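Just so you know, the sequence shown maps onto residues -6 to 217 in my numbering.
For glycine and all other residues, C-beta sits at the position ideal for the given N, C-alpha and C.
Just so you know, these numbers come straight off a predicted model, no measurement behind them.
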Amino acid sequence: MRRFLRDNGLSLSFGAIFLGTLALQSLAGWKDYNEELLAHEDAPIAYGRYLYSSEFGAAVMENWQSEYLQFFLFILATIWLLQRGSNESKELDKAGLESDQEQRVGKWAGPKSPKAARTKNLLFHLYANSLLLVMGAIFLASWFAESVTSWTVFNAEQIDHRQSAVGWDKYLTTPDFWEKSLQNWQSEFLAVGTMAIFTVYLRQRGSPESKPVGAPHEETASSG
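Take a look at the structure:
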């Protein structure tokens, strides 16, 4: 058990933090939503019902879709784009998909390489792009879920204000939808961009997200 915890400490820790913060978000959102209901002289709802509501779904999904969009674009961009001195960049002479030897595929695959890396067929090409494909799929799924839940909330507000409900396709053209999406996207892009620059000049001893403390600023793609 101790070895399992050590070998999986990063994923287990962030999994626990995720569940804890999601639970706290749900409680805070439930309290806030009930306060809004009471302010409009409506009856508050139970916590369990709130968890299945579009209000909670929209609040969660609008953050999820922006996170996975960030990862998708960053993974794609770092194939071709470089940043001198950044720990987040590849070495300056390795832009692109790299050679089979560098990627250890085909005849260069080792005895412990995944089976999909050994033969160039459809499975190989899917596996070679699997990280990007999965991140993109999660983004699209969460974006769709966020659009549907936000659309439901938007129409409920429209009806409360004695205005007409709109179709899902019409909602996708509204400022309400894009303001929610863009406010999350811009913060994610800011975080990624600043991280790429910060790792040129700043250090954190012992972290693989930083260069070694004594590494020159221009040293690229090193890890401490």
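Segments of 4+ residues assigned as alpha helix (DSSP H) that fall wholly inside the segment 76 to 138: Fully enclosed alpha helix (DSSP H) runs of 4 or longer: 93 to 96, 115 to 121.
query: DSSP state of Gly186, grouped into three classes?
result: Within the sequence shown, residue 186 is the residue found at index 193, counting from 1. Assigned with DSSP and collapsed to three states, Gly186 falls in helix.
Neighbourhood of Leu30 by C-beta, 8 Å cutoff - its chain only, sequence neighbours within 5 removed: Locating residue 30 in the sequence shown gives position 37, counting from the first residue. Ala36, Pro37, Ile38, listed in sequence order.
- prompt: Using the beta-carbon count (16 or more within 10 Å), is Ala130 buried or exposed?
  reply: As a first step, residue 130 must be located in the sequence shown, where it is residue number 137. A residue is called buried when at least 16 other Cβ atoms come within 10 angstroms of its Cβ; Ala130 does not meet this threshold and is exposed.
query: Among residues of its own chain, excluding the 5 on either side of Ile152, which ones have a beta-carbon nearer than 8 Å to its beta-carbon?
result: Taking the sequence shown and counting its residues from 1, the one referred to as residue 152 is at position 159. Within its own chain, the residues whose Cβ lies closer than 8 Å to the Cβ of Ile152, once the five positions on either side in sequence are excluded, are Ala158, listed in chain order.
- prompt: Got a sec: does the ligand ZN put a non-hydrogen atom nearer than 6 Å to the Cβ of Phe7?
  reply: The ligand ZN is not part of this structure, which contains no ligands at all.
query: Who are the Cβ neighbours of Trp73 in its own chain at under 8 Å, not counting the five residues just before and after it?
result: Reading the sequence shown from its first residue, position 80 is the one you call residue 73. Cβ neighbours of Trp73 beyond the five flanking positions: Ala88, Gly89.
field: Three-way DSSP call (helix, strand, coil) for Ile38 in this model
entry: Position 45 of the sequence shown holds residue 38. Looking at Ile38 - three-state DSSP - the assignment turns out to be coil, as it is neither helix nor strand.
message: Tell me the rounded alpha-carbon separation between Ser180 and Gly78.
response: Within the sequence shown, the letter at position 187 stands for residue 180. Within the sequence shown, the letter at position 85 stands for residue 78. Straight-line Cα distance between these residues: approximately 23 Å.
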